[in-house]
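Novice: Handing you a structure now.
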Amino acid sequence: MQNKLLTAKATLPVYDRNALVPRIVHLGFGAFHRAHQAVYADILAAEHGSDWGYTEVNLIGGEQQIADLNQQNTLYTVAEMSADAWTARVVGVVKRALHAEVDGLETVFSAMCEPQVAIVSLTITEKGYCHSPATGELMLDHPLIAADLRDPHHPRSAPGVIVEALARRKAAGLAAFSVMSCDNMPENGHVLRKVVCAYARAVDAGLAAWIEQHVTFPSTMVDRIVPAVTADTLDKIEQLTGVRDPAGVACEPFRQWVIEDNFVAGRPQWEKAGAELVSDVIPFEEMKLRMLNGSHSFLAYLGYLAGYQHINDCMEDDNYRRAAHALMLKEQAPTLKVKGVDLGRYAGLLIDRYSNPALRHRTWQIAMDGSQKLPQRMLDSVRWHLVHQTPFDLLALGVAGWMRYVGGVDEQGNAIEVCDPLLAEIQAAVRHSAEGEARVQALLSIEAIFGKELPLENLFVSKVTKAYLSLLENGAKATVAAAAGSL
Ligand SMILES: NC(=O)c1ccc[n+]([C@@H]2O[C@H](COP(=O)([O-])OP(=O)(O)OC[C@H]3O[C@@H](n4cnc5c(N)ncnc54)[C@H](O)[C@@H]3O)[C@@H](O)[C@H]2O)c1
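The sequence shown lines up with residues 1 to 487 when you count with UniProt numbering.
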């Protein structure tokens with residue numbers, strides 16, 4: 001298989017793969033990492049002589065992805081797709097791929113405790129942090145965390161694995177590594193620091209103090225749209241390269257990475273591959289989370305309800321396109337602190353990226369895990385508007401769209417497959433409330449999503465209720481059309 005991929009019609013890794021050193025252990029070998037951080041490392045190796053390589057680890061789920069990768073000597077294809085052209089590269093920077101449940105935790109810890117490991121990075125989705133999205137605090141009663149705290153030498157959660165690896169490095173007299181989140185969360189480095197330190201304190205106060213002193217948690221803003229891989233994606237990649245690659249992934253041509261330059265044991269020269277190294281990532285992160293991810297969620301819920309399967313389908317509906325653009329510029333942009341960015345241009349570029357017909361990013365995929373996403377994508381902005389007494393009708397409509405979606409039945413009466421780590425709580429709220437205003441009240445009472453104060457804000461409650469009732473009565477298309485009509 002190695003030879004097969006090395007004959008693909010693609011940019012091939014012509015650098016010396018044997019010279020790569022696995023200095024980064026990455027947790028979460030999902031679609032995004034394959035098309036983002038690994039591509040930056042591949043460009044550095046191919047064009048700048050970098051020897052930074054990866055050990056890839058999946059902790060929970062994704063067994064097949066690791067097996068596929070190992071089948072082909074840890075090579076895989078990334079295809080960039082736009083309306084008129086597809087290009088491909090075979091990425092060669094992965095030195096080794098492990099699965100905690102297949103290869104065993106000890107193998108994972110051995111990899112994390114190799115002296116040269118400088119960075120442990122993560123793309124494990126928001127729920128992998130086991131924190132409350134409303135407060136950012138580690139949930140000590142989270143089933144994974146509670147189990148890990150009972151047996152900290154055999155953890156399953158990401159915080160548990162990171163802390164045990166650091167404990168072993170400390171005990172062996174090895175230097176610490178930096179831990180870098182590349183997940184879509186506001187202040188992702190701070191969230192990660194909070195959960196890792198809180199977990200460590202619950203295990204051993206001395207270890208927690210060592211971590212606080214020796215480990216850094218740089219924040220990052222990551223951007224590239226990478227839809228979940230389907231059989232159709234793999235077919236298209238095969239047509240393009242001539243090689244079937246089950247580990248292949250396809251994405252848009254655009255990529256962006258803003259990284260807080262705060263590493264304890266060195267880092268690759270990512271700036272040479274186009275990343276921006278800055279002292280404060282938070283304003284960039286906030287911009288991306290609210291303008292891109294916020295409008296994505298808006299389109300995902302309201303688009304799914306209207307029968308639009310993909311984001312680019314939503315963009316073909318003039319009302320959806322105008323509403324998403326207005327959400328970005330009128331209700332998200334005013335809340336941002338970022339300086340020196342033309343937000344009008346940024347919003348226009350986002351609409352162009354969403355319209356890419358080759359992407360086929362499923363609304364259902366973006367709609368997943370809403371409980372983990374709404375706080376940073378919409379609710380923080382709502383709080384800002386309440387303080388500043390400015391309009392937030394589109395944000396309220398987005399929240400109402402989520403409520404209608406998690407009700408579990410679409411506008412044609414078909415069941416919706418709702419995926420969410422808080423599904424039990426959400427379903428209980430839906431089951432025990434009558435359809436209509438009472439349903440809105442029941443969902444607003446989920447504190448892990450809405451916190452304590454927001455559900456007491458009459459203006460917020462009334463706007464969400466009004467939007468929700470319109471979705472029930474008129475449907476999503478007509479409600480979005482009315483919202484777009486009043487812009
Ligand atoms: N796909 C995108 O377009 C995109 C863009 C920007 C940022 N991101 C970020 O990357 C994350 C991953 O996205 P993806 O597209 O790679 O998803 P994916 O489903 O392809 O991969 C998810 C990865 O997370 C791991 N994982 C899931 N639950 C876990 C848990 N509880 N503990 C530890 N690991 C767990 C899985 O093993 C898998 O490797 C997103 O949640 C988001 O924060 C994605």
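Note that the Cβ used here is the ideal one computed from N, Cα and C, for glycine as well.
#1: Opposite residue 122 in the DSSP bridges: which residues?
#2: Compute the beta-carbon to beta-carbon distance between residue 221 and residue 281, rounded to the nearest angstrom, for a pair I have assumed lies under 8 angstroms.
#3: Assuming residue 167 and residue 207 make a contact with CB atoms under 8 angstroms, what is their CB distance in whole Å?
#4: Helix, strand or coil for residue 96 per DSSP?
#5: DSSP state of residue 214, grouped into three classes?
#6: Please report the straight-line C-alpha distance between residue 406 and residue 184, rounded to a whole angstrom.
#7: On the DSSP bridge list, what partners appear for residue 256?
#8: Tell me which residues share the same chain as residue 312 and place their Cβ nearer than 8 angstroms to its Cβ, disregarding the 5 neighbours each side in the sequence.
#9: In this structure, does DSSP put residue 58 in helix, strand or coil?
#10: Between residue 184 and ligand 1, is the CB less than 7 angstroms from at least one heavy atom?
#11: Roughly how many whole angstroms lie between the Cα atoms of residue 298 and residue 399?
#12: Take residue 291 and list the residues in its own chain whose beta-carbon comes closer than 6 angstroms to its own, dropping the five residues that flank it on each side.
#13: Is residue 81 helix, strand or coil by DSSP?
#14: Looking at residue 118 and residue 266, is the spacing between their C-beta atoms short of 8 angstroms?
#15: Run the CB neighbour count on residue 2, radius 10 Å, all protein chains shown included, and call it buried at 16 or more, exposed below.
#16: Please identify the residue among 314, 205, 246 whose C-alpha is closest to the C-alpha of residue 69.
#17: So for residue 326, helix, strand or coil by DSSP?
#18: Check this for me: beta carbons of residue 128 and residue 191, under 8 angstroms apart or not?
#19: What are the partner residues of residue 251, as DSSP defines its beta bridges?
#20: Just list the residues that DSSP pairs residue 341 with in beta bridges.
Specialist: Per the coordinate set shown:
#1: Here residue 122 is taken as the residue at index 122 of the sequence shown, counted from 1. DSSP lists 27, 181 as partners of residue 122.
#2: As a position in the sequence shown, residue 221 is number 221, starting the count at 1. As a position in the sequence shown, residue 281 is number 281, starting the count at 1. At roughly 5 angstroms, the Cβ-Cβ gap stays under 8 angstroms, so residue 221 and residue 281 are in contact.
#3: Residue 167 sits at position 167 when you count from the first residue of the sequence shown. Residue 207 sits at position 207 when you count from the first residue of the sequence shown. About 5 angstroms; that satisfies the 8 angstroms criterion.
#4: On the sequence shown, residue 96 is found 96 positions in, with the first residue counted as 1. In the structure shown, residue 96 sits in a strand (DSSP, three-state: E or B).
#5: In the sequence shown, counting from the first residue as 1, residue 214 sits at position 214. If DSSP states are grouped into helix, strand and coil, residue 214 belongs with the helices.
#6: By 1-based counting over the sequence shown, the position of residue 406 is 406. By 1-based counting over the sequence shown, the position of residue 184 is 184. In a straight line, the C-alpha of residue 406 is about 21 angstroms away from that of residue 184.
#7: The sequence position of residue 256 within the sequence shown is 256, counting from 1. Note: residue 256 sits in a beta bridge opposite 223.
#8: The sequence position of residue 312 within the sequence shown is 312, counting from 1. Excluding residues within five positions, the ones whose Cβ falls inside 8 angstroms are 354, 355, 356, 357, 359, 360, 361.
#9: Mapped onto the sequence shown, residue 58 falls at position 58. The answer is strand: DSSP assigns residue 58 an E or B state.
#10: To locate residue 184, count along the sequence shown from 1; it is residue 184. Between ligand 1 and the CB of residue 184, the shortest heavy atom gap is smaller than 7 angstroms.
#11: The count along the sequence shown starts at 1 and reaches residue 298 at position 298. The count along the sequence shown starts at 1 and reaches residue 399 at position 399. One C-alpha to the other measures close to 8 angstroms.
#12: By one-based count along the sequence shown, residue 291 stands at place 291. Counting only Cβ-Cβ distances below 6 angstroms, and skipping sequence neighbours, we find 328, 332.
#13: Reading the sequence shown from its first residue, position 81 is the one you call residue 81. Here residue 81 sits in strand by DSSP.
#14: The sequence position of residue 266 within the sequence shown is 266, counting from 1. The sequence position of residue 118 within the sequence shown is 118, counting from 1. Yes; because the gap between Cβ atoms is below 8 angstroms, this pair is in contact.
#15: Position 2 of the sequence shown holds residue 2. Only weak support exists for where residue 2 lies, its pLDDT of 49 falling under 50; the value from the coordinates is given anyway. Exposed, by the Cβ-count rule.
#16: If you number the sequence shown from 1, residue 69 lands on position 69. If we check each option's Cα against that of residue 69, 246 comes out closest.
#17: On the sequence shown, residue 326 is found 326 positions in, with the first residue counted as 1. Per DSSP, reduced to three states, the secondary structure at residue 326 is helical.
#18: As a first step, residue 128 is located in the sequence shown; it is residue number 128 there, counting from the start. As a first step, residue 191 is located in the sequence shown; it is residue number 191 there, counting from the start. Going by C-beta atoms, residue 128 is not nearer than 8 angstroms to residue 191.
#19: The residue you call residue 251 lines up with position 251 of the sequence shown. DSSP lists 80 as partners of residue 251.
#20: As a working mapping, residue 341 is identified with position 341 in the sequence shown. Beta-bridge pairing links residue 341 to no other residue.
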